[in-house]
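Peer 1:
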Amino acid sequence: MTPLALIAYLATGALAGLLAGLFGVGGGAIIVPALLALFAWLPLHGDWAPHQAVATSLATIVATGAISAYTHHRRGAVDWSLFRWLGTGLLLGAGLGAFAGAWIAPLWLQRLFAGFLLYAGLRMFLRPVRPRPRPRPGSTRLLGAGLGFGTLSALLGVGGGILVVPFLARHGVAMRHAIGTASACGVPIAAAGTLGFVLSGWQQSGLLAHSLGFVYWPAALAIVSTSMPSASLGARLAHHLPTATLKRLFAGLLILVGLGLLIG
């Protein structure tokens with residue numbers, strides 16, 4: 001690994017961790033496009049570069065999400081009664097999505113991720129006036145929502161918070177509790193997704209050197225070394241700063257990254 005590559009991985013981890021702690025989004029929205037760009041720049045031209053970017057992102061989210069969730073938990077912002085059912089669905093869906101990802105063409109996986117970023121960014125940025133919050137979801141609804149969110153999140157290499165947070169907020173959960181609970185939910189998604197990508201990529205040819213399945217460990221370890229402390233910082237800031245402006249800025253970033261991936 002070159003010094004420039006190491007610096008780039010460290011910077012990516014620091015930014016992704018900060019956003020993960022602030023918004024409970026896992027950081028994959030930053031890590032996946034950053035890895036795609038870095039793989040092309042270094043160059044590390046593997047046949048499975050988009051899959052490896054997604055799998056490596058999920059591997060880093062296991063550690064980053066755990067630190068973020070622990071920090072929110074210490075401040076009483078994780079609703080474990082919601083996590084029990086939502087997390088179970090997320091876990092099952094993440095494993096399904098990871099195995100399905102091995103059968104999707106790399107270019108289409110990149111386009112799928114770009115479309116997801118554009119959708120999520122526009123939804124966060126526009127923030128239409130919402131109706132009266134719905135009742136808190138029951139166990140069946142939580143399980144079903146988790147299954148869908150987990151499948152999509154594993155395919156896209158994100159922790160699921162970008163879907164979990166608005167879902168919980170629409171059902172009357174306070175924003176800080178929605179963010180804290182989403183941080184905890186991202187851990188089982190990432191763990192199941194990482195395992196799925198390791199197994200589904202085990203016999204694939206054309207992977208980058210030092211990969212385990214689809215996970216490229218040199219990048220994963222470098223990113224985690226900065227994402228973990230910055231995630232803790234972000235989680236603490238989330239309990240002291242208003243999030244409306246930060247969410248709009250983050251939505252704009254999602255839109256720009258999504259457009260870049262869609263064009264490129």
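Sequence positions in the sequence shown follow UniProt numbering and run 1 to 264.
In this text, a Cβ means the ideal position worked out from N, Cα and C, and glycines have one as well.
Since this is a predicted model, take the numbers as computed values, not measurements.
Assuming Met1 is part of the alpha helix (DSSP H), what are its boundary residues?
Peer 2: It is not in any alpha helix (DSSP H) - Met1 carries neither H nor E in the DSSP assignment.
Peer 1: What does Ser211 pair with, by DSSP beta-bridge criteria?
Peer 2: Answer is Tyr216, bridged to Ser211.
Peer 1: By Cβ distance below 8 Å, which residues in the same chain neighbour Ala220 in space, the five residues on each side in sequence not counted?
Peer 2: Result list for Ala220: Thr56, Ala59, Thr60, in chain order.
Peer 1: Pick out whichever of Ala8, Leu163, Gly24, Tyr119 has its Cα sitting closest to the Cα of Gly150.
Peer 2: It is Leu163.
Peer 1: Looking only at its chain, what residues have a beta carbon closer than 6 Å to the beta carbon of Asp79, apart from the 5 residues adjacent to it on each side?
Peer 2: Cβ neighbours of Asp79 beyond the five flanking positions: His177, Thr181.
Peer 1: Closer than 7 Å by C-beta to Leu212: which residues in its own chain qualify, once you throw out the five before and the five after it? Chain order, please.
Peer 2: Taken in chain order, the residues that qualify are Val198.
Peer 1: On the premise that Ile223 lies in contact with Phe125, defined as a C-beta separation below 8 Å, what is that separation, rounded to the nearest angstrom?
Peer 2: Contact flag wrong, Cβ pair sits at about 27 Å.
Peer 1: Three-state secondary structure (DSSP) at Gly160?
Peer 2: Gly160: coil per DSSP, three-state reduction.
Peer 1: Please give me, in chain order, every unbroken run of the beta strand (DSSP E) with length at least 3 that falls completely inside the segment 171–205.
Peer 2: Counting whole runs of 3 or more residues, the segment 171–205 contains no beta strand (DSSP E) stretch at all.
Peer 1: Hey, out of Gly27, Phe39, Gly21, Met228, whose CA is closest to Leu5's CA?
Peer 2: A quick correction: the sequence has Ala, not Leu, at residue 5. Ranking the options by Cα distance to Ala5, first place goes to Phe39.
Peer 1: What did DSSP end up calling Gly76 once you bin it into helix, strand or coil?
Peer 2: In this structure, Gly76 counts as coil in the three-state DSSP scheme.
Peer 1: Is Gln110 buried or exposed, if buried means 16 or more other CB atoms sit within 10 Å of its CB?
Peer 2: When all chains shown are included, Gln110 counts as buried.
Peer 1: Roughly how many whole angstroms lie between the Cα atoms of Leu207 and Ile104?
Peer 2: Cα-Cα distance, rounded: 16 Å.
Peer 1: Could you check the C-alpha separation between Arg68 and Gly24 for me, to the nearest Å?
Peer 2: The sequence shown places Ser at residue 68, not Arg. If you take the alpha carbons of Ser68 and Gly24, they lie about 8 Å apart.
Peer 1: Check this for me: beta carbons of Ala235 and Gly21, under 7 Å apart or not?
Peer 2: Their beta carbons are under 7 Å apart, which means Ala235 touches Gly21 by this criterion.
Peer 1: Where does His72 land, buried or exposed, given buried means 16+ other C-beta within 10 angstroms?
Peer 2: Buried: at least 16 other Cβ atoms inside 10 Å.
Peer 1: Mind checking Leu107: buried by the 16 CB within 10 Å criterion, or exposed?
Peer 2: Classification of Leu107: exposed, given that the 10 Å Cβ count is below 16.
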